[in-house]
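Heads up: take any position in the sequence shown, counting from 1, add 175, and you land on this note's numbering.
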Amino acid sequence: MRGSSSRPLWCERSRRTVPLQEQLARVCGGVNARWLERRRGRLTASHFAAALGFHGKASAHRLTRKLGAGASADVQQSDPGVDWGQRHEASGLATYLSSYLSAACPSAEAHETGFWPFEVSHPSGARASVGATPDAIVRGAEQVWPGGLVVEVKCPFRGGQPAPHVKVLPRMMPQLQGQLLATGAATLHLVSWSPYGSTVFRVTADLDYQREMGEALALVARQATGDGEELGRLSRAVRERSVVLAKRSERVALIPPSECVSVYDGPCARDIDRRDGNDPLHQRARSESDPPSAF
Numbered sequence: 176m177r178g179s180s181s182r183p184l185w186c187e188r189s190r191r192t193v194p195l196q197e198q199l200a201r202v203c204g205g206v207n208a209r210w211l212e213r214r215r216g217r218l219t220a221s222h223f224a225a226a227l228g229f230h231g232k233a234s235a236h237r238l239t240r241k242l243g244a245g246a247s248a249d250v251q252q253s254d255p256g257v258d259w260g261q262r263h264e265a266s267g268l269a270t271y272l273s274s275y276l277s278a279a280c281p282s283a284e285a286h287e288t289g290f291w292p293f294e295v296s297h298p299s300g301a302r303a304s305v306g307a308t309p310d311a312i313v314r315g316a317e318q319v320w321p322g323g324l325v326v327e328v329k330c331p332f333r334g335g336q337p338a339p340h341v342k343v344l345p346r347m348m349p350q351l352q353g354q355l356l357a358t359g360a361a362t363l364h365l366v367s368w369s370p371y372g373s374t375v376f377r378v379t380a381d382l383d384y385q386r387e388m389g390e391a392l393a394l395v396a397r398q399a400t401g402d403g404e405e406l407g408r409l410s411r412a413v414r415e416r417s418v419v420l421a422k423r424s425e426r427v428a429l430i431p432p433s434e435c436v437s438v439y440d441g442p443c444a445r446d447i448d449r450r451d452g453n454d455p456l457h458q459r460a461r462s463e464s465d466p467p468s469a470f
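In structure tokens, the structure reads:
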């Protein structure tokens, strides 16, 4: 039953109606010039948290200056964590499709979503055009997740070591709720992938949160000096609400290393760190009191 605490964390494989490789080809279309152009000068969901002060005022100011100049907010210099995530996003999707979605709803099919632009506004008249790009949208799953389902994949690389998240972090919530707002979906699956194991979390749309976040983002985009007090109030409200929503997010699957698909043709994380039973996933899982047999 959707949203039930009785849903098993362990997901057995089942036969898909569409082959995995076809699913991946449909979802992983890659970055193209049109996608980059549509994002340029526009605040996108991956930067909502920074714009709302989750990473401090200095980070928010740098971001708004770049957007005001019509530049991209994306990281330009080489970053190991970003590079790792981009290389292994397809692996996260493949793992989600083969080890979770195929069992939860065998008839469901994942598709590439592209860029979803949308408008946000504040009662004062401030407006902004923003956007989001979920990693996949799932069709044919209404009987399990009514209202639509989108997927976001993260491949953590903290301190040079890959290990999946054991919980949803508050700073993720603006991006996740932004993707739900952009697409109008009711549910989002956050997939946190590593070759040491993966986790899947369920996040549901919160309309009040989305409204306050949208109002704050509209003020961020306007960059008016007189908006400081109201922007501060809204940003604080969003940050506080993010803590609540992160705690409400439900972990719906633990996927062991043996079920984690890797489609990247390059060095695997196991070549970075071989520590048998002492790998980062096992350490973090034990610290969160996960069942010892989960991995």
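By construction, the Cβ of each residue, glycine as well, lies at the ideal position given by its N, Cα and C atoms. What you are looking at is a predicted structure, and each value in this text was computed from that prediction instead of being measured.
According to DSSP, residues forming a beta bridge with residue i
i, result
"Val328", "Val366"
"Pro292", "Gly306"
"Val313", "Ala285 and Leu324"
"Ala428", "Val375"
"Thr400", "DSSP output for Thr400 lists no bridge partner at all."
"Gln336", "Arg333"
"Thr219", "Gly306"
N-terminal and C-terminal residue of the alpha helix (DSSP H) that residue i is part of
i, result
"Thr374", "Careful: Thr374 lies outside any alpha helix (DSSP H), inside the beta strand (DSSP E) at Ser373 to Thr379."
"Leu394", "Leu382 to Arg397"
"His263", "Pro255 to Tyr271"
"Phe223", "Phe223 to Ala226"
"Leu347", "Before going on, a small fix: residue 347 reads as Met here, not Leu. Looking at the DSSP string, Met347 is not in any alpha helix (DSSP H), and its letter there is neither H nor E."
Same chain, Cβ closer than 8 Å to residue i, neighbours up to 5 away in sequence not counted
i, result
"Ala235", "Ala225, Ala226, Leu227, Gly228 and Val395"
"Gln318", "Cys280"
"Thr288", "Thr308, Pro309, Asp310, Ala311, Ile312, Val325 and Thr358"
"Ala303", "Leu218, Glu294, Val295, Ser296, Leu392, Ala393, Val395, Ala396 and Arg397"
"Val418", "Pro345"
"Thr270", "Val366, Trp368, Ser373, Ile430, Glu434, Cys435 and Val436"
"Leu382", "none"
Presumed contact (8 Å Cβ cut-off) between residue i and residue j, rounded CB distance
i, j, result
"Leu365", "Lys422", "About 14 Å; that fails the 8 Å criterion."
"Arg217", "Gly359", "Actually they do not touch by this definition, with Cβ atoms about 19 Å apart."
"Ser373", "Ile430", "4 Å"
"Ala391", "Ser410", "5 Å"
"Glu284", "Arg314", "5 Å"
"Ala301", "Arg397", "4 Å"
"Gly353", "Pro255", "Between Pro255 and Gly353 the Cβ distance is about 25 Å, and since that is not below 8 Å, they are no contact."
"Pro349", "Met388", "6 Å"
"Ala380", "Leu420", "That belief does not hold up - the Cβ atoms of Ala380 and Leu420 are roughly 10 Å apart, past 8 Å."
"Ala361", "Pro321", "7 Å"
"Phe332", "Gly260", "7 Å"
"Arg414", "Tyr384", "At roughly 11 Å, the Cβ-Cβ gap does not stay under 8 Å, so Arg414 and Tyr384 are not in contact."
Near the ligand PLP: residue i beta-carbon under 6 Å from a heavy atom
i, result
"His297", "For the ligand PLP, the structure offers nothing, since it holds no ligand at all."
Cut-off 6 Å between Cβ atoms - residues of its own chain near residue i, not counting five sequence neighbours on either side
i, result
"Ser424", "Val343, Phe376 and Val378"
"Thr219", "Gly306"
"Met347", "none"
7 Å CB neighbourhood of residue i in its chain, flanking five on each side removed
i, result
"Ser221", "Gln350"
"Ala316", "Cys280, Ala283 and Leu324"
"Ala412", "Glu387"
"Ile447", "Here Ile447 scores only 37 on pLDDT, less than 50, and its place in the model should not be relied on; the value that follows carries that caveat. None."
"Leu406", "Ala391, Leu394 and Val395"
"Pro339", "Pro331, Ser367, Trp368, Ser369, Gly372, Ser373, Thr374 and Leu456"
"Leu238", "His222, Ala225, Ala226 and Ala248"
### Task
Kindly confirm or deny that the stretch 318–329 and the stretch 263–283 touch, where touching means at least three C-beta pairs closer than 8 Å.
yes
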